[in-house]
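First up is the structure itself, then whatever we jot down about it.
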Amino acid sequence: MATSLVEMDELQTMWKELLRCCPRTMFQTFEWNRLAAKIFSDRLSLKVCAAETATGGAIIPAVLDRKVHRLELIGEQLFDYRTILHSGEADALYLAWEMLERIRAPLCATALEEKEAQSLWSDFQPAEYAQAPWVDAAKITAAKFRQMHTRAERQLRRMHRLGIALRQYSGAEFGLVEQIYRLKCDQFRDDSRNIFRDKRRRDFMAAIAAAEGESCGIFTLEDSTRAIVAALVTFRDGATFRFYTIYYDPAWAAYSPGVALVYEATALCLEQGLSCDYMTGEYPYKLRFANATRRLYRVDISSAQFAAIARRQIEFRAA
Numbered sequence: 000m001a002t003s004l005v006e007m008d009e010l011q012t013m014w015k016e017l018l019r020c021c022p023r024t025m026f027q028t029f030e031w032n033r034l035a036a037k038i039f040s041d042r043l044s045l046k047v048c049a050a051e052t053a054t055g056g057a058i059i060p061a062v063l064d065r066k067v068h069r070l071e072l073i074g075e076q077l078f079d080y081r082t083i084l085h086s087g088e089a090d091a092l093y094l095a096w097e098m099l100e101r102i103r104a105p106l107c108a109t110a111l112e113e114k115e116a117q118s119l120w121s122d123f124q125p126a127e128y129a130q131a132p133w134v135d136a137a138k139i140t141a142a143k144f145r146q147m148h149t150r151a152e153r154q155l156r157r158m159h160r161l162g163i164a165l166r167q168y169s170g171a172e173f174g175l176v177e178q179i180y181r182l183k184c185d186q187f188r189d190d191s192r193n194i195f196r197d198k199r200r201r202d203f204m205a206a207i208a209a210a211e212g213e214s215c216g217i218f219t220l221e222d223s224t225r226a227i228v229a230a231l232v233t234f235r236d237g238a239t240f241r242f243y244t245i246y247y248d249p250a251w252a253a254y255s256p257g258v259a260l261v262y263e264a265t266a267l268c269l270e271q272g273l274s275c276d277y278m279t280g281e282y283p284y285k286l287r288f289a290n291a292t293r294r295l296y297r298v299d300i301s302s303a304q305f306a307a308i309a310r311r312q313i314e315f316r317a318a
């Protein structure tokens, strides 16, 4: 069990090998997980469990929330998709689960994609949690997408006539990313659900965007003074752009600048043959633009339930 960054670094080779065998999303990469483990060490203690046998390997990237004494997966509130890493037979995975269960704490994992929820997490009775809308590039062209959403196109033209311009940047623009997340913080400052009121979360986003560099695409709508009317932070993940954060200036709300920017960024991605993942959050405009959805699941069990599952897995291995 890795309980420090130094010990976590010792798992890097195994981590990356498991990802090569069974590719996951950017949220499962070693780089994203290590950075999250470092930045949120003030509230989450590392409990990364790794096991190898002759027939397989497994890593459970777990942390313990010290405030509520609850196990969860690395990522605090910032990772939209989570899971464990596993390849081969189940023995290694069962060993890793047994190791984690010895902490004697409840376990909560959100959000698991359907395929993995039904296979890797089936013992934990995952419950449907949400749906993630996305645009599958295999099912639609950029031209067809534009034809289907003319209202967003009109809003863009209206803003263009008022001097609003579309600009694109990479994650290397550290100051810009910081600015976007400060604006996002201020946008709903009094709303307790606004996760970016927390400075450490803003720090994480600026740091991971810089680390991703050109793989982080930032789209903005700006006025003639370069003030931000709307901003969209995305990450290239294989053949998909993940639309991570959208901000808009409330003063421009009549023009729906955030929606218009998501529309334009989607069309530009489709022109490159890339799909667009709108992530969690079933907002009406996302559902209008989307041509597919992914079911997501959640595991939330007590320490007693976790212990019972671990006992069954031990019995299965012994049989």
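The sequence shown: position 163 = 162 (numbering that gives the first Met the number 0), numbered continuously.
Beta carbons: idealized from backbone N, C-alpha and C, even for Gly.
| query | How big is the Cα-Cα spacing for F234 and R181? | reply | Sequence index remark: in the sequence shown, residue 234 carries index 235 (1-based). Sequence index remark: in the sequence shown, residue 181 carries index 182 (1-based). Their Cα atoms are separated by approximately 19 Å.
| task | Provide the residue span of the beta strand (DSSP E) that contains I102, from first to last. | result | Looking up residue 102 in the sequence shown gives position 103. That residue, I102, is in no beta strand (DSSP E); it is neither H nor E in DSSP.
| task | Determine, using beta carbons only, whether D276 and W133 come nearer to each other than 7 Å. | result | Working through the sequence shown from its first residue, we reach residue 276 at position 277. Working through the sequence shown from its first residue, we reach residue 133 at position 134. Yes, the Cβ-Cβ distance between D276 and W133 is below 7 Å.
| F78 by DSSP, collapsed to three states: which one? | Here the question's residue 78 lines up with position 79 in the sequence shown. Looking at F78 - three-state DSSP - the assignment turns out to be coil, as it is neither helix nor strand.
| Where G174 falls: helix, strand or coil (DSSP) | Along the sequence shown, read from residue 1 onward, the residue named residue 174 stands at position 175. Helix.
| Shorter than 7 Å from the beta carbon of R166 to some beta carbon of chain D? | The structure shown has no chain D; it contains just one protein chain.
| For D299, the residue or residues it bridges with in DSSP | In the sequence shown, the residue the question calls residue 299 occupies position 300. Bridge partners of D299: C107.
| DSSP three-state call for W120: helix, strand or coil? | Translated into positions along the sequence shown, residue 120 becomes position 121. The answer is coil: DSSP assigns W120 none of H, G, I, E or B.
| task | Closer than 7 Å by C-beta to F29: which residues in its own chain qualify, once you throw out the five before and the five after it? Chain order, please. | result | Taking the first residue of the sequence shown as position 1, residue 29 is located at position 30. The beta carbon of F29 sits closer than 7 Å to the beta carbons of Q11, W14, K15 from its chain, once the five residues preceding and following it are set aside; these are given in chain order.
| Inter-residue Cα distance where the pair is I163 and R225 | Translated into the one-based positions of the sequence shown, residue 163 becomes position 164. Translated into the one-based positions of the sequence shown, residue 225 becomes position 226. In a straight line, the C-alpha of I163 is about 9 Å away from that of R225.
| field | Among K285, E71, A57, nearest to L63 - alpha-carbon criterion | value | Looking up residue 63 in the sequence shown gives position 64. Out of K285, E71, A57, E71 has the C-alpha closest to the C-alpha of L63.
| task | Ignoring anything shorter than 4 residues or poking outside the stretch 2-59, list the alpha helix (DSSP H) runs there in chain order. | result | 4-8, 11-20, 29-38
| For T219 and V176, the rounded distance between their alpha carbons | Position 177 of the sequence shown holds residue 176. Position 220 of the sequence shown holds residue 219. Each residue's Cα considered, the two are about 11 Å apart.
| Since Y282 is in the beta strand (DSSP E), which residue starts that stretch and which ends it? | The residue you call residue 282 lines up with position 283 of the sequence shown. Looking at the DSSP string, Y282 is not in any beta strand (DSSP E), and its letter there is neither H nor E.
| Residues near A289 in its chain [Cβ-Cβ closer than 8 Å; skip 5 each side] | Your numbering for residue 289 matches position 290 in the sequence shown. Sequence-distant Cβ neighbours of A289 in its own chain, meaning closer than 8 Å and more than five residues away, are P132, W133, V134, Y277.
| said: Can you look up G162 in the DSSP assignment and give me helix, strand or coil? | reply: Residue 162 sits at position 163 when you count from the first residue of the sequence shown. G162 carries a coil assignment under DSSP once its states are collapsed to helix, strand and coil.
| query | Does DSSP classify F315 as helix, strand or coil? | reply | Here residue 315 corresponds to residue number 316 of the sequence shown, with the count starting at 1. Looking at F315 - three-state DSSP - the assignment turns out to be helix.
| Can you give the Cα-Cα distance for H85 and Y93, rounded to whole angstroms? | Counting from 1 along the sequence shown, the entry for residue 85 is found at position 86. Counting from 1 along the sequence shown, the entry for residue 93 is found at position 94. Whole-angstrom Cα-Cα distance: 10 Å.
| request: With DSSP collapsed to three states, give me the class of I245. | output: In the sequence shown, residue 245 corresponds to position 246, counting from 1. In the structure shown, I245 falls within a strand segment according to DSSP collapsed to helix, strand and coil.
| field | Distance CB(E75)-CB(Y296) smaller than 7 Å | value | Locating residue 75 in the sequence shown gives position 76, counting from the first residue. Locating residue 296 in the sequence shown gives position 297, counting from the first residue. No, these two residues do not count as a Cβ contact at 7 Å.
| said: Less than 7 Å between the beta carbons of D320 and V228, yes or no? | reply: An answer regarding residue 320 cannot be provided, because it is not within the stretch 0 to 318 covered by the chain.
| request: Select from D189, A209, A151 the residue whose C-alpha is nearest the C-alpha of G170. | output: Within the sequence shown, residue 170 is the residue found at index 171, counting from 1. Nearest option by C-alpha distance: A209.
| message | Checking 7 Å against the spacing of the C-beta atoms, do A61 and K37 come in under that value? | response | Within the sequence shown, residue 61 is the residue found at index 62, counting from 1. Within the sequence shown, residue 37 is the residue found at index 38, counting from 1. No. Outside cutoff.
| request: Please report the residue range of the beta strand (DSSP E) in which E221 lies. | output: The sequence position of residue 221 within the sequence shown is 222, counting from 1. Looking at the DSSP string, the run of the beta strand (DSSP E) that includes E221 is 215-221.
| If you drop the 5 nearest sequence neighbours on each side, which residues of the same chain put their C-beta closer than 7 Å to that of R145? | Walking along the sequence shown from the start, residue 145 turns up at place 146. If we look at R145 and ignore the five residues flanking it on each side, its Cβ neighbours are E152, A266.
| query | Considering only the beta carbon of each residue, do R65 and S40 sit closer than 7 Å? | reply | Here residue 65 refers to the residue found at position 66 when the sequence shown is read from its first residue. Here residue 40 refers to the residue found at position 41 when the sequence shown is read from its first residue. For the pair R65 and S40, the CB atoms are not nearer than the 7 Å cut-off.
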